Amino acid sequence: MANISYKDAGVDIDAGNDFVEAIKSDVKSTFDKNVIGGIGSFAGAYALPTGYKEPVILSATDGVGTKLKLAIESNKFDTVGIDLVAMCVNDLICNFGTPMFFLDYYATGKLVPENAKDVVAGIAEGCRRSECSLVGGETAEMPGMYSNDDFDLAGFAVGIAERSEMDTVSNVKEGQVILALPSSGVHSNGYSLVRKLFFDKLGMSLDSDLNGAPLVDTLLEPTRIYVKEFKANRDKITALAHITGGGIIENLPRVLPEGMRAQISKDSIKVLPIFEFMSQYIDEEEMFRTFNMGVGMVLVVDGENVEEICNNTDAYVIGAMIKGEKGVDLI
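Right, here's the structure in full:
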């Protein structure tokens with residue numbers, strides 16, 4: 001009986017090594033002066049930035065969900081990496097964390113190096129947009145656990161904050177203004193419902209036209225990253241809420257103290273065309289509890305800071321803080 005190898009079992013070590021070599025330039029393009037060492041060590045190393053009185057390390061982890069299925073079905077892999085970074089770093093800044101470094105986990109039934117390289121190129125692009133370094137990752141080839149065509153992603157972002165800046169909830173007061181930073185699209189939540197509507201109920205395909213563009217392009221539009229807007233305005237922001245699964249209704253209360261209620265004008269929200277289309281088939285309440293509806297990040301600010309923030313970003317006013325039971329009113 002002939003001997004068998006790891007490759008016979010479905011794991012190609014040589015292909016994995018070639019993949020690591022292929023992504024080195026993308027990974028190195030994200031490095032800043034605090035990265036210690038290069039690629040291939042057992043652990044990524046990063047020197048803590050100086051200048052903090054009482055530094056606190058923050059971490060966030062997330063995935064891309066069933067948006068990955070669209071990438072796989074359309075054979076478009078260059079944007080889901082941006083989504084992965086965005087979902088993590090956008091959470092970090094809500095606790096006033098400045099992203100420092102990122103790690104990724106890529107699991108698949110069979111490694112297709114060119115596809116995986118596109119994914120990592122997207123992760124590197126996301127890191128550049130969020131000004132954090134990609135210091136490590138794991139690529140796991142697991143035949144039998146995943147089908148050959150499938151893969152999954154997980155991301156891990158680490159940031160730093162001044163401890164005194166982190167208690168944003170207690171600083172939210174009556175009369176403060178609520179601003180919206182627009183989303184770029186559906187972002188990375190609600191894709192199970194998206195797929196159910198467009199493909200099962202409406203019988204559309206990835207190439208179907210939606211508002212003058214292929215549906216797949218609209219659905220794979222990468223999640224917007226808000227790190228630069230946060231950094232430019234952090235001293236003028238009281239609180240931030242990343243609008244992900246659960247929409248404004250579920251996410252904004254996470255940064256509100258007891259006795260404070262957010263009053264938001266639905267008419268003021270610049271709803272994206274894709275959500276207007278979907279609203280023909282999904283109840284409004286369900287839409288607002290599932291999707292961002294065009295608002296990717298919410299800022300709570302003092303009235304005196306509204307004009308400056310709106311002038312140096314694309315933020316706009318959608319409501320105000322009032323006294324009441326903690327929660328959100330959409331009026």
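When the letters of the sequence shown are read in order and numbered with full-length UniProt numbering, they come out as residues 1 to 331. We treat Cβ as the ideally placed atom computed from N, Cα and C, and that holds for glycine. This one's a predicted model, so the numbers in the text were calculated from it and none came from an experiment.
Review point. Cα-Cα, which of L299, G16, E286 and K28 is closest to G136?
Key: Indexing the sequence shown from 1 puts residue 136 at position 136. When each option's Cα is compared against that of G136, the closest is K28.
Review point. Using DSSP with H/G/I as helix, E/B as strand and the rest coil, what is D12?
Key: Looking up residue 12 in the sequence shown gives position 12. Three-state DSSP puts D12 in coil, outside helix and strand.
Review point. First and last residue of the beta strand (DSSP E) that includes E284?
Key: Taking the sequence shown and counting its residues from 1, one reaches residue 284 at position 284. No beta strand (DSSP E) holds E284; the alpha helix (DSSP H) holding it covers E284 to T290.
Review point. Given 8 Å as the limit, is there contact between the stretch 287 to 299 and the stretch 233 to 245, that is, 3 or more CB pairs closer than that?
Key: Yes, they touch.
Review point. Among the residues of its own chain, which have a CB less than 8 Å from the CB of A9, if the five just before and after it don't count?
Key: Translated into positions along the sequence shown, residue 9 becomes position 9. Here the set comprises P143.
Review point. Taking the beta strand (DSSP E) that Y146 falls in, what are its first and last residues?
Key: Reading the sequence shown from its first residue, position 146 is the one you call residue 146. DSSP places Y146 outside any beta strand (DSSP E), giving it a letter other than H or E.
Point to revise | For R195, three-class secondary structure by DSSP | key: One-based indexing of the sequence shown puts residue 195 at position 195. R195 falls in the helix class under three-state DSSP.
Point to revise | Three CB pairs or more closer than 8 Å across the stretch 115 to 126 and the stretch 201 to 217 | key: The stretch 115 to 126 vs the stretch 201 to 217: no contact.
Practice item. Look at the Cβ atom of Y146, then the Cβ atom of T98, and state whether they are nearer than 8 Å. Key: Working through the sequence shown from its first residue, we reach residue 146 at position 146. Working through the sequence shown from its first residue, we reach residue 98 at position 98. No. Outside cutoff.
Check your understanding: Is the number of C-beta pairs between the stretch 153 to 165 and the stretch 39 to 55 that are closer than 8 Å three or more?
Key -> Contact between the stretch 153 to 165 and the stretch 39 to 55 is present, because at least three Cβ pairs lie under 8 Å.
Review point. Going by C-alpha distance, which of A2, K67 and K7 is nearest S188?
Key: Numbered from 1 along the sequence shown, position 188 holds the residue referred to as residue 188. Checking every option, the nearest Cα to that of S188 belongs to K67.
**Study point:** Residues bridged to E162 [DSSP beta-bridge criterion]
**Key:** In the sequence shown, counting from the first residue as 1, residue 162 sits at position 162. Answer is P55, bridged to E162.
**Study point:** From V89, L92 and A140, residue whose alpha carbon lies closest to that of F19
**Key:** Indexing the sequence shown from 1 puts residue 19 at position 19. The shortest Cα separation from F19 among V89, L92 and A140 belongs to A140.
Exercise for review: Using the Cα positions of I322 and I248, report the straight-line distance between them to the nearest angstrom.
Suggested key: Along the sequence shown, one-based indexing puts residue 322 at 322. Along the sequence shown, one-based indexing puts residue 248 at 248. Looking at the two C-alpha atoms, the distance is approximately 16 Å.
Practice item. Since I believe V216 is in contact with L76 (beta carbons under 8 Å), could you give me their beta-carbon distance rounded to a whole number of angstroms? Key: Along the sequence shown, read from residue 1 onward, the residue named residue 76 stands at position 76. Along the sequence shown, read from residue 1 onward, the residue named residue 216 stands at position 216. Checking the sequence, you will find Lys at residue 76 rather than Leu. Right, their Cβ atoms sit about 7 Å apart.
Review point. Are I264 and L330 touching if we call contact CB-CB under 8 Å?
Key: Along the sequence shown, one-based indexing puts residue 264 at 264. Along the sequence shown, one-based indexing puts residue 330 at 330. Yes, the Cβ-Cβ distance between I264 and L330 is below 8 Å.
**Study point:** As assigned by DSSP and simplified to three states, the class of N317
**Key:** Residue numbering aside, residue 317 sits at position 317 when the sequence shown is read from its first letter. Asn is not the amino acid found at residue 317; the sequence shown has Val there. The three-state secondary structure of V317, taken from DSSP, is strand.
Exercise for review: Compare the C-alpha of N312 against each of N233, P253 and N292 and name the closest.
Suggested key: The residue you call residue 312 lines up with position 312 of the sequence shown. Nearest neighbour of N312 by Cα position, chosen from N233, P253 and N292, turns out to be N233.
Check your understanding: So, using beta-carbon positions, are G63 and D207 closer together than 8 Å?
Key -> Position 63 of the sequence shown, counted from the start, is the residue given in the question as residue 63. Position 207 of the sequence shown, counted from the start, is the residue given in the question as residue 207. The answer is no: Cβ separation not under 8 Å.
Review point. What residues in its chain sit with their C-beta under 8 Å from that of E174, if we drop five residues either side in the sequence?
Key: Along the sequence shown, read from residue 1 onward, the residue named residue 174 stands at position 174. If we look at E174 and ignore the five residues flanking it on each side, its Cβ neighbours are M260, M321, I322 and K323.
Practice item. Look up E221 in the DSSP assignment and say whether it is helix, strand or coil. Key: Translated into the one-based positions of the sequence shown, residue 221 becomes position 221. Under the three-state reduction of DSSP output, E221 falls in the coil class, being neither helix nor strand.
Review point. Is there contact between the stretch 84 to 92 and the stretch 37 to 45, where contact requires at least three CB pairs shorter than 8 Å?
Key: Between the stretch 84 to 92 and the stretch 37 to 45 there are fewer than three inter-stretch CB-CB distances shorter than 8 Å, so the stretches are not counted as touching.
Point to revise | CA nearest to the CA of V119, picked from D78, G203, S130 and D104 | key: Within the sequence shown, the letter at position 119 stands for residue 119. Ranking the options by Cα distance to V119, first place goes to D78.
**Study point:** Exposure of D83, with buried meaning 16 or more beta-carbon neighbours within 10 Å
**Key:** Start at 1 with the first residue of the sequence shown, and residue 83 comes out as number 83. D83 is buried by the Cβ-count criterion.
Practice item. Between the Cα of N17 and those of Y281, S59, E138 and V56, spot the shortest distance and give me the residue it belongs to. Key: For the purposes of this step, residue 17 is identified with residue 17 of the sequence shown, where counting begins at 1. Looking from the CA of N17, the closest CA among Y281, S59, E138 and V56 belongs to E138.
Exercise for review: Give the single residue among F96, C127 and T61 whose Cα lies nearest to the Cα of C26.
Suggested key: Numbered from its first residue, the sequence shown carries residue 26 at position 26. Residue identity check: residue 26 is Asp in the sequence provided, not Cys. Ranking the options by Cα distance to D26, first place goes to C127.
Review point. Who are D99's beta bridge partners in DSSP?
Key: Taking the sequence shown and counting its residues from 1, the one referred to as residue 99 is at position 99. Going by the sequence as given, residue 99 is Pro instead of Asp. Beta bridge pairing from DSSP links P99 with G159.
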